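Going down the list, the protein sequences come from chains A and B.
Every letter in the first sequence is one number past the one before it in this note's numbering, and letter 87, counting from 1, is 87.
Every letter in the second sequence is one number past the one before it in this note's numbering, and letter 96, counting from 1, is 292.
Built from N, CA and C at the ideal position, the CB exists for glycine as well.
In this text the structure is predicted, and so the values were computed from the model without any measurement.
Read the structure below first, then the notes.
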Amino acid sequence: MKRRLRPGLAAIIMFACILGNRALEADPVLHVLVQLPMLGLCGALLAPRREWRWAQGGFAPLLAALFGIAFWMLPRSIDGAVSFPVMTLAKFLSVPLIGALLVIGWRQAHALLRGFLKAQAISMAGFMAFLFTHSPVRLCNNYLIDDQWRLGHGFLFLAIGLAMAWTIPLLTNARPRPSPRTRAKPITPVQSGVSA
Amino acid sequence: MQALLASLLVVAAGGGLLWQATDGGQALTAESARRLAVQRAPQPVSPFALETMSGASATIPDARGKVALVEFIYTTCPTLCQSAGADMFRLGNRVREAGLADRVTLMSVSFDPEFDTVERMKSYGERHDADGALWTIARPRPDVLPQILSDFGVIAIPDRMGGYTHNVAVHVVTADGRLAAIHDTGDFEGIIAAARQALR
């Protein structure tokens, strides 16, 4: 996408999230699995393309993003965003920042770190799915137990979706080891490096 | 080096944030947070008037200087309030056994006062053997209800079946109007202990 279109798109998404806040907050699936990712996307679109020394290797921005995500995974924070205006404001300010930090960190992260984070994301979504479908008590005072159960299934689909999105390309891209017959042919460094 | 320092700083700040956000890992949900908050420091609630199931008036905090054990209900509740009603009956018995009957009052407050008329409260009370003396059912004026729910941290949401889903608990209110403890309706030991504490 053209870079100059990004601020406009981010503004549209942010506007939609603010205008639709009441409707989105009314349903935990829309709140947690639609609005929060959209707000994150806002920040991701606006992330400056720069390499800071403090962000080298992507560790500091990614860690900051992870702590932010952990905060917004607490049922208490989600409940607070519905109950208290100050927490709503915190949501609109912090989640785009988390999105921007993720992008800044991701750009500089080593492939191994990226793979580790992908695995973490899948397992965390799976954990949330288990938590919300199996908790005997309501975890949010603002949501019904049925809604909590639906959110759990949303997380389950997210976990499955992420796992497929991240593993299927590996299966199709995987190049077979060169057979003895073709071994004599020169192999470009890219090809030999990927399968390792 | 800069990156390492930045990472360490982030870990310290992030850890501090999560520590704060969960009251030191003790409260991951809003419900446990509200219980922990009053346990640490009793919180003032604005006084309000009530109409009881016998048509009499009452107040919270109790004007006679008693400790009030308050739960929030609506009389047509098919599930939770009915079991909470049974718990309130048993709690009343425990209060008598503990010899606190003249210093404690039990109050089931309706958060649906427009629908819960005196007749409906009365029939709910009869269904659960509320004696009207130690334990009564009562409703506030609709216009003060939002303030009451906000003071107590009670959230009632429509359950799409014509009723409500709400956080159910017994709230211990001292005679000088402080919310001193919040316990599960079946946690009789905890409630009695909190009532004794509030009487000191």
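Given residue i as reference, the closest of the options once Cα atoms are compared
i                      : options                    : result
residue 375 of chain B : B:240, B:205, B:259        : B:240
residue 71 of chain A  : B:209, B:373, B:339        : B:209
residue 282 of chain B : B:206, B:321, B:234        : B:321
residue 201 of chain B : A:107, A:92, A:165, A:60   : A:60
residue 325 of chain B : B:294, B:344, B:278, B:219 : B:278
residue 20 of chain A  : A:2, A:161, A:88           : A:88
residue 55 of chain A  : B:197, B:223, B:232, B:370 : B:197
residue 137 of chain A : A:75, A:157, A:169         : A:75
residue 316 of chain B : B:260, B:217, B:334        : B:334
residue 191 of chain B : B:293, B:264, B:341, B:262 : The structure shown has nothing for residue 191 of chain B, since chain B only spans 197 to 396.
residue 304 of chain B : B:246, B:370, B:357, B:395 : B:246
residue 133 of chain A : A:156, A:99, A:114         : A:156
residue 142 of chain A : B:221, B:225, B:370        : B:225
residue 64 of chain A  : B:378, B:338, B:199, B:235 : B:199
Buried or exposed by the 16-neighbour rule on C-beta atoms within 10 Å, applied to residue i
i                      : result
residue 385 of chain B : exposed
residue 167 of chain A : exposed
residue 331 of chain B : buried
residue 15 of chain A  : exposed
residue 301 of chain B : buried
residue 193 of chain A : Low per-residue confidence applies at residue 193 of chain A: pLDDT is 43, beneath 50, and the placement is therefore not dependable, though the value from the model is reported in the following sentence. With fewer than 16 other Cβ atoms within 10 Å, it is exposed.
residue 312 of chain B : buried
residue 196 of chain A : Because residue 196 of chain A sits at a pLDDT of 38, beneath the cut-off of 50, its placement in the model cannot be relied upon, and the point is left open.
residue 191 of chain A : Caution applies to residue 191 of chain A, whose pLDDT of 49 falls short of 50 and renders its modelled position unreliable; the value that the coordinates give is listed next. By the neighbour-count rule (16 or more Cβ atoms within 10 Å), residue 191 of chain A is not buried but exposed.
residue 229 of chain B : buried
residue 344 of chain B : buried
Residue interval of the beta strand (DSSP E) (run including residue i)
i                      : result
residue 302 of chain B : 300-306
residue 374 of chain B : 374-379
residue 168 of chain A : Segment 145-173 is the alpha helix (DSSP H) holding residue 168 of chain A; no beta strand (DSSP E) there.
Any non-hydrogen atom of the ligand ADP within 6 angstroms of residue i CB
i                     : result
residue 23 of chain A : Ligands in the displayed structure: none, and consequently the ligand ADP is not present.
Range covered by the alpha helix (DSSP H) that runs through residue i
i                      : result
residue 323 of chain B : 314-323
residue 61 of chain A  : 59-73
residue 134 of chain A : 111-134
Interface partners of residue i on chain A, CB under 7 angstroms
i                      : result
residue 355 of chain B : 144
residue 203 of chain B : 59, 60, 63
Partner residues on chain B for residue i, Cβ-Cβ distance less than 7 angstroms
i                      : result
residue 129 of chain A : Within chain B, no residue comes near residue 129 of chain A; the closest Cβ sits about 17 angstroms away, beyond 7 angstroms.
residue 139 of chain A : 225
Contacts that residue i makes with chain B (C-beta to C-beta distance below 9 angstroms)
i                     : result
residue 67 of chain A : 206, 207, 209, 210, 211, 213, 214
Where residue i meets chain A, residues with beta-carbon distance less than 9 angstroms
i                      : result
residue 278 of chain B : Residues of chain A passing the Cβ test: none, with the nearest at roughly 17 angstroms.
(Q) By the 8 angstroms beta-carbon criterion, what residues does the segment 71-105 of chain A contribute toward chain B? (A) 71, 74, 75, 76, 77, 79, 80, 83
Q. Got a sec: which bits of the segment 249-272 of chain B sit with their beta carbon under 9 angstroms from any beta carbon on chain A, in order along the chain?
A. none
Q) Relative to chain A, which residues along the segment 210-242 of chain B have a C-beta separation below 7 angstroms, given in chain order? A) Taking 7 angstroms as the Cβ-Cβ cut-off against chain A, the residues of the segment 210-242 of chain B that qualify are 210, 213, 214, 217, 218, 223, 224, 225, 226, 227, 229.
Q. Which residues, in chain order, does the segment 37-59 of chain A contribute to contact with chain B at a C-beta distance below 8 angstroms?
A. 53, 54, 55, 56, 57, 59
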